[in-house]
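Under this note's numbering, the sequence shown has 84 at position 82, and the numbering climbs by one with no breaks. Note that the Cβ used here is the ideal one computed from N, Cα and C, for glycine as well.
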Amino acid sequence: MSRKLRLGMNIDHVATVRNARGSAYPDPVRAAKLAEEAGADGITAHLREDRRHITDADIEALVSNLTVPLNLEMAATDEMQAIALRHKPHAICLVPEKREERTTEGGLEVAREENRLAHFIAPLREAGSRVSIFIAADQSQIEAAHRIGAAVVELHTGAYCDLHAEGKFAERDEELARLTEMAKFAHGLGLEVHAGHGLTYDTVQPIAALPEIAELNIGHFLIGEAIFRGIKPAIAEMRRLMDEVRAE
């Protein structure tokens with residue numbers, strides 16, 4: 003297992019700010035290029051069905067301008083599959099999606115939709131994209147992701163981060179133990195393990211310390227922190243915290 007931990011920067015909420023005024027700025031592609039310069043190893047963008055932040059034009063521009071890998075987050079729909087097959091991003095992460103949610107609330111239900119998802123990801127794999135499944139730290143979901151042929155699972159860290167923010171430290175530690183166990187389990191199956199959702203400077207190191215995890219995807223917190231620090235310093239501090247714990 004590599005000591006180097008990759009950082010994927012999610013630039014969705016740069017687009018959220020832009021769309022609030024219906025203007026052309028701030029530009030998510032400019033943010034992505036600054037993130038590259040600051041040490042991000044990849045860029046993540048979620049093209050939602052309602053296009054509430056990232057748009058089709060943003061994906062076109064990211065594909066054309068990035069020199070680091072693009073991780074396209076999307077729902078498992080025919081429309082999104084067609085878009086992914088047209089652009090052939092480095093990675094595709096399937097996520098659950100509900101119109102009424104503010105942000106992704108949980109992991110994808112793989113076990114109950116195993117047959118459909120296996121057929122859904124087959125052409126994406128054949129096109130050369132690495133397919134990741136965003137799931138809860140649950141053994142049955144990890145096993146199902148492995149059976150359908152996913153290369154990667156991304157463990158949902160939202161519950162862990164929420165419990166920390168609420169001061170429920172005993173429950174937080176139980177969730178961390180679950181994430182630790184399931185990272186080991188997924189790695190043992192031969193899956194590459196990623197993690198993300200809700201991570202902050204205060205919560206990232208215990209997750210970054212898990213040796214099975216190869217990549218963290220972080221967005222909302224870093225975009226918020228960039229308001230005060232700037233994008234490059236915000237990312238540099240996250241990069242420092244990640245590297246610090248991996249160096250121990």
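Rounded straight-line distance, which links the Cα of residue j to that of residue i
{"i": "V195", "j": "L87", "result": "24 Å"}
{"i": "L74", "j": "T18", "result": "17 Å"}
{"i": "A146", "j": "S25", "result": "42 Å"}
{"i": "G200", "j": "A153", "result": "23 Å"}
{"i": "T57", "j": "P71", "result": "18 Å"}
{"i": "Q141", "j": "I135", "result": "13 Å"}
{"i": "E81", "j": "R118", "result": "15 Å"}
{"i": "A161", "j": "E62", "result": "33 Å"}
{"i": "I237", "j": "L224", "result": "7 Å"}
{"i": "N21", "j": "G190", "result": "42 Å"}
{"i": "L181", "j": "A139", "result": "6 Å"}
{"i": "E183", "j": "I220", "result": "22 Å"}
{"i": "L49", "j": "P98", "result": "12 Å"}
{"i": "V112", "j": "G198", "result": "18 Å"}
{"i": "T69", "j": "S131", "result": "16 Å"}
{"i": "R23", "j": "I144", "result": "40 Å"}
{"i": "T46", "j": "D60", "result": "12 Å"}
{"i": "R8", "j": "K234", "result": "16 Å"}
{"i": "G44", "j": "T159", "result": "19 Å"}
{"i": "A37", "j": "R231", "result": "13 Å"}
{"i": "G169", "j": "P208", "result": "16 Å"}
{"i": "R5", "j": "F171", "result": "28 Å"}
{"i": "T79", "j": "R242", "result": "37 Å"}
{"i": "R114", "j": "R53", "result": "27 Å"}
Close Cβ partners of residue i (< 8 Å) along its chain, the five nearest in sequence each way excluded
{"i": "R149", "result": "E116, A120"}
{"i": "L126", "result": "Q83, A86, L87, I94, V133"}
{"i": "D204", "result": "H166"}
{"i": "A129", "result": "A86, L87, K90"}
{"i": "G192", "result": "H148"}
{"i": "A249", "result": "R5"}
Proximity to residue i [Cα-Cα], best of the options
{"i": "S1", "options": "D29, N12, Q83, H89", "result": "Outside the shown range of the chain, which is 3 to 250, sits residue 1, and nothing can be said about it."}
{"i": "P91", "options": "L64, F136, T79, E81", "result": "L64"}
{"i": "P28", "options": "I229, T182, R180", "result": "I229"}
{"i": "I222", "options": "M240, I209, F171, P208", "result": "Looking at the sequence shown, residue 222 is not Ile but His. Considering only alpha carbons, the answer is M240."}
{"i": "T202", "options": "L218, K6, K170", "result": "L218"}
{"i": "V155", "options": "L243, A188, A78", "result": "A188"}
{"i": "E51", "options": "A77, A179, Q207, L68", "result": "A77"}
{"i": "V206", "options": "A172, A42, V247, G192", "result": "V247"}
Own chain, CB closer than 7 Å to residue i, minus 5 neighbours either side, in chain order
{"i": "A185", "result": "L157, V195, L212, E214, I215"}
{"i": "E252", "result": "With the chain covering 3 to 250 only, the question about residue 252 has no answer from this structure."}
{"i": "I123", "result": "V133, I150, G151, A152"}
{"i": "L110", "result": "L96, V97, P98, I135, F136, I137"}
{"i": "E227", "result": "A236"}
{"i": "R174", "result": "Y162, L165, H166"}
{"i": "A40", "result": "I233, K234, I237, A238"}
{"i": "H55", "result": "D14, H15, A17, T18, N21"}
Own chain, CB closer than 6 Å to residue i, minus 5 neighbours either side, in chain order
{"i": "M244", "result": "L7, A210"}
Where are the beta strand (DSSP E) runs, 3 residues long or more, that stay fully inside the stretch 202-237, in chain order?
-> 215-220
Are there three or more Cβ pairs, one per stretch, closer than 8 Å when the stretch 7-22 is compared with the stretch 31-43?
-> yes
Complete runs of the alpha helix (DSSP H) confined to the stretch 28-113 [at least 4 residues] = 30-40, 58-67, 80-89
Please go through the stretch 134-177 and give each complete alpha helix (DSSP H) segment of 4 or more residues, from N-terminal end onward.
-> 141-149, 160-167
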